[in-house]
Amino acid sequence: GPDRPVVGAPGSPVRVSESDPAVLKAVKFAEERYNMGSNAMHVRRVSKILSASEQLVKGVRYSIMVEIGSTQCKKSVALSAVDTCEFFPEPHKQKTEVCLFEVWDIPWESKSTLLKQKCQPAVSKEPKKVAAVPLTHGKPLKESVELLTQFKNFMITYNRTYSSQEEAEKRLHIFQENMKTAQTLQSLEQGSAEYGVTKFSDLTEDEFRMMYLNPMLSQWSLQKNMKLATPTSKV
Amino acid sequence: APDSWDWRDHGVVSPVKNQGMCGSCWAFSVTGNIEGQWFKKTGQLLSLSEQELVDCDKLDQACGGGLPSNAYEAIEKLGGLETETDYSYTGHKQSCEFSTGKVVAYINGSVELPNDENQIAAWLAENGPVSAALNAFAMQFYRKGVSHPLKIFCNPWMIDHAVLLVGYGERNGIPFWAIKNSWGEDYGEQGYYYLYRGSRLCGINKMCSSAIV
């Protein structure tokens, strides 16, 4: 998040504390999805967070390694009561798994998606893919980290909020196209101008024209003939 | 004309304003020009009302756009302009609330300037800031410096934004127009756009005009 120091290049994975509230939230989310996808009779819960890192990728992508074990609650238990479920005692420890969860959190939408779930028995060495949850929209995360950083900074600088994730994604795409246009302008610039992110960077050319420009001026040749200005003095 | 001139150095230009999401650039261009002309006549810099034009200039289309030539005519017919304070900008069309009793500046006519940029510069240096218009495509992406986009990005026949020429000069050997814009101070260089001068770029020479006090 913007209030946390980032180490390394913008967008590269950064290790975060296992007690970080955002990580705990992501773990809780992953745990719920894990249980929804599992046909086990009992609710399973994360017993320990082994490591956690975050990466800025069109939001924040958390990679979290956890230990997960069976509780005594059956799956019919109310979701709100899951936190109170006790783990099975020692003889059942062999059912403990180590799982890698990747959770994609979109802060401007308060929306999360479980991207990846790889689990293996705690005693085994070979990871076994249990399930792969598809992306919400089936889109690859191919936008460059640099672009996402630029977009995030743009949103902060110009205080932008969007009404939905779809709107945010649309604006990100427009922003990306505008950055390409700005780069083209820059590469062909014959003066000393710098082009790039402005407060209009999330608007299409048409939107920009409609909101801020003046279509009547294109009819300037139709304007009334005005009196010509008196030439300037020779002094 | 002098090699360079900037009316900001002479107290003739009011602070940069913000038209918001409204195509009222024509009103800002014209009031900026009249602020300069009024200063030249009286020595007093007033910030004049654009909202009066948005609401009361029936020749133009308020936030839908307008022509400076119409605006001069409307101001003459109305009897003048109120101050920014008396008739504040809201960025959308309202019913006309113009009051002749609050008029602080008037004009007696308007003139069209020649298309030659040297002559425009000479006129500006002698008479004050000039209402102008240009193709604003590159302006969406402009951050700073003297802008000289390729002509294909800046068709001089597709003029779509009105501005105010307040000065001219050279920066590191690049001749420029100093252009007061109306997109707030967080646009460009403290609200100003600098455009290459001397090749009729973006049609900047095509619609230069001024009110006469």
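Taken in order, these protein sequences are the chains called V and X. Mapping to this note's numbering: the first sequence position 198 is 198, numbers consecutive. Each number in this note's numbering corresponds to the 1-based position in the second sequence with 235 added. Every residue, glycine too, gets a C-beta built ideally from N, C-alpha and C.
| query | result |
| --- | --- |
| Secondary structure of D241(X), DSSP reduced to three states | strand |
| Outcome for Q425(X) when other beta-carbon atoms lying within 10 angstroms are tallied against a minimum of 16 | exposed |
| Pairwise C-alpha distance: R378(X) and T181(V) | 14 angstroms |
| Three-state secondary structure (DSSP) of Q198(X) | Residue 198(X) lies beyond the range of chain X shown here (236 to 448); nothing can be said about it. |
| Residue-level contact to chain X via CB, A22(V), 8 angstroms cutoff | no |
| Stretch pair the stretch 387–394 of chain X + the stretch 407–426 of chain X: three plus CB contacts closer than 8 angstroms | no |
| Cut-off 6 angstroms between Cβ atoms - residues of its own chain near C73(V), not counting five sequence neighbours on either side | V43, C85 |
| Near-chain X residues of the stretch 34–46 of chain V - C-beta to any C-beta below 8 angstroms | none |
| Interface flag, P250(X) vs chain V, CB-CB below 8 angstroms | no |
| Segment contact flag, the stretch 57–65 of chain V with the stretch 142–162 of chain V, C-beta cutoff 8 angstroms, min 3 pairs | yes |
| Under 8 angstroms by beta carbon: chain V residues contacting V381(X) | G191, S192, A193 |
| Proximity winner among K95(V), M36(V), N39(V), K116(V), relative to I64(V) (alpha-carbon distances) | K116(V) |
| Nearest residue (CA-CA) to K25(V), options S70(V), F101(V), F87(V), S38(V) | F101(V) |
| Nonlocal neighbours in the same chain, by C-beta distance under 8 angstroms from W240(X), ignoring five residues either side | A356, L359, A360, G402, Y403, G404 |
| Contact list for M155(V) against chain X, beta-carbon separation under 7 angstroms | What M155(V) touches in chain X: nothing, since even the nearest Cβ is about 15 angstroms away. |
| Within 8 angstroms, strictly: CB atoms of E189(V) and H383(X) | yes |
| Cross-strand partners of Q72(V) (DSSP beta bridge) | According to DSSP, Q72(V) bridges with nothing at all. |
| Straight-line Cα distance separating I106(V) from T113(V) | 9 angstroms |
| Q165(V), DSSP secondary structure in three states | helix |
| 7 angstroms CB neighbourhood of F175(V) in its chain, flanking five on each side removed | F151, F154, S201, D202 |
| contact_flag[the stretch 429–436 of chain X, the stretch 406–416 of chain X] where n(CB pairs < 8 angstroms) is 3 or more | yes |
| Between the CA atoms of S110(V) and R15(V) - distance to the nearest angstrom | 22 angstroms |
| Identity of the residue in C257(X), Q296(X), L436(X) nearest H327(X) by Cα | C257(X) |
| Rounded separation between V289(X) and P215(V) - CA only | 15 angstroms |
| Cβ pair C298(X), C331(X) closer than 8 angstroms | no |
| Bridge partner(s) assigned by DSSP for C291(X) | BP columns for C291(X) are empty, so no partner. |
| Beta-carbon neighbours of K227(V), restricted to chain X and to distances below 9 angstroms | G344, S345, V346, E347, I447 |
| Partners in chain V for F388(X), counting only beta-carbon separations shorter than 7 angstroms | L185 |
| D395(X) - DSSP class collapsed to helix/strand/coil | coil |
| CA nearest to the CA of M36(V), picked from S76(V), Y62(V), S19(V) | S76(V) |
| Closer than 7 angstroms at the beta carbon, the chain X residues around G69(V) | Per Cβ cutoff of 7 angstroms: no residues; G69(V) is ~54 angstroms from chain X at best. |
| Host alpha helix (DSSP H) of C321(X) (start-end) | The sequence given here places Asp at residue 321(X); Cys does not occur at that position. D321(X) -> no alpha helix (DSSP H), and no H or E assigned at all. |
| Selection from V66(V), T71(V), F88(V), R160(V) that minimises the alpha carbon distance to W108(V) | R160(V) |
| Residue environment, A52(V), which counts as buried when at least 16 other CB atoms sit within 10 Å | buried |
| 6 angstroms CB neighbourhood of K125(V) in its chain, flanking five on each side removed | Here K125(V) scores only 40 on pLDDT, less than 50, and its place in the model is too uncertain to base an answer on. |
| Listed by chain order, chain X residues near M211(V) by CB distance under 7 angstroms | M256 |
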